[in-house]
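Note sheet for the following structure.
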Amino acid sequence: ETELGWKPMVDSWLDTRAKHEAAALKPLFEKYVDALLDVIRIECKPVMAGSPWAHVSRDFCQVSTLVTLLKGILKPSGEANEQLSSGHYERLFLYCCTWALGGLLEMKDRPPLNKAMVRLAESEAPNFEDPEDTFFEYFVSDEDTEWRHWNTQVPAWEYPAAQEKPKFARLIIPTLDSVRLESLLKIVTSVDKQALFVGGPGTAKTTAIKQFMAGFDSDTTATKDITFSSLTQPGTFQVAIESSVEKRQGRTFGPPSGKRMIVFVDD
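Numbers 1 to 267, taken from my numbering, label the letters of the sequence shown in order.
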């Protein structure tokens, strides 16, 4: 009845990776994970407490998320059989740590985690453009493998002057938050995993997800929106899913025409 912790799970995953990749990542897990989890446990207050199962700790869940992000962000180099530099691996690892371990922290709780990451990362930390910046404002560029600020990725928005009466409620203006959250969703869905957005009403959770889902090719990917309320029953959800799939073979069901389907549950 004793939990073994996150290390056996990570060791099992590293055994499935290329030798050079596992050799580069294993020391990073040992260097960062326990130290950052201690900071979060002692100095921060995540917006969601506890764990989904009594026999599984929150640490295990967060490291599982870290592995998911690493799978997604390393997928292109793995498919190309490309060997990255040690510094590139460490920067990608830090980016994934930022969101896997610190994704449940509000703005006021991010500086302690950022301070610990800067101390541990030393020369691999970003050169912050603003004193208020943290790791959360930076990503690793595919072009030169260095840190770049997210504001460089926010596309320009133009007012639809050609429309006589624009529907203002449907105008979506990209922001730094929406761009970086869409990027995280792309990483997670690229390895067929799930994501949960947490936040108060009016924080654009639904808008960001719908904007992300609109970017899929309808010829290969089907999308389904399901709204949950206090009246929603399990049967309601089952009927909604079954209405969008067809029988393929045996007990296997899936979207028509061999597509994959992404379901958005709006609670």
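Beta carbons are placed, not taken as given, at the ideal position from N, Cα and C, and that holds for glycine.
Here the structure is a predicted model, which is why all the values come from computation and not from measurement.
Selected residue, minimal CA-CA separation from residue i, among the options
i, options, result
"A18", "N81, E43, I241", "N81"
"S183", "W150, T207, Q163", "W150"
"P131", "N114, L120, D38, T145", "N114"
"V47", "I209, C96, E106, L66", "E106"
"D15", "K108, V67, V39, V198", "V67"
"W6", "G199, S57, H20", "S57"
"T220", "G254, F197, I187, I241", "G254"
"L273", "A162, S77, G102, G87", "Missing from the structure shown is residue 273; the chain here goes from 1 to 267 and no further."
"Q83", "S244, I241, E164, A22", "A22"
"D177", "E143, E137, K75", "E137"
"K224", "R251, F264, I209", "F264"
"R41", "F29, K31, Q62, P27", "Q62"
"H20", "R251, L69, L74, D34", "L74"
"D109", "F212, D267, K45, M261", "K45"
"D144", "G87, T252, I187", "G87"
Secondary structure of residue i, DSSP reduced to three states
i, result
"K259", "coil"
"V140", "strand"
"F168", "helix"
"G202", "coil"
"K115", "helix"
"F197", "coil"
"T175", "coil"
"E21", "helix"
"F264", "strand"
"W147", "strand"
"G103", "coil"
"A121", "helix"
"F128", "coil"
"Y159", "coil"
Neighbour-count burial assignment, residue i, 16 or more Cβ in a 10 Å radius
i, result
"R180", "buried"
"R91", "buried"
"L4", "exposed"
"L231", "exposed"
"D99", "Rather than Asp, the amino acid found at residue 99 in this sequence is Trp. By the 10 Å Cβ count, W99 comes out buried."
"I209", "buried"
"F168", "exposed"
Straight-line Cα distance separating residue j from residue i
i, j, result
"D11", "P126", "28 Å"
"M9", "G72", "17 Å"
"A195", "S85", "29 Å"
"L25", "D59", "18 Å"
"E146", "P256", "42 Å"
"Y89", "D133", "22 Å"
"T283", "Q249", "The structure shown does not extend to residue 283, since the chain is modelled only from 1 to 267, so the question has no answer here."
"E246", "R119", "53 Å"
"F139", "S244", "36 Å"
"K165", "L28", "54 Å"
"G215", "G200", "25 Å"
"M261", "A35", "38 Å"
Cutoff 8 Å: residue i Cβ touching any chain C Cβ
i, result
"V179", "Reference to chain C is not applicable here, since this structure consists of a single protein chain."
For this session: Counting only runs of 3+ residues fully inside the segment 209 to 264, write out the beta strand (DSSP E) ranges in chain order.
Result: 221 to 227, 246 to 249, 252 to 254
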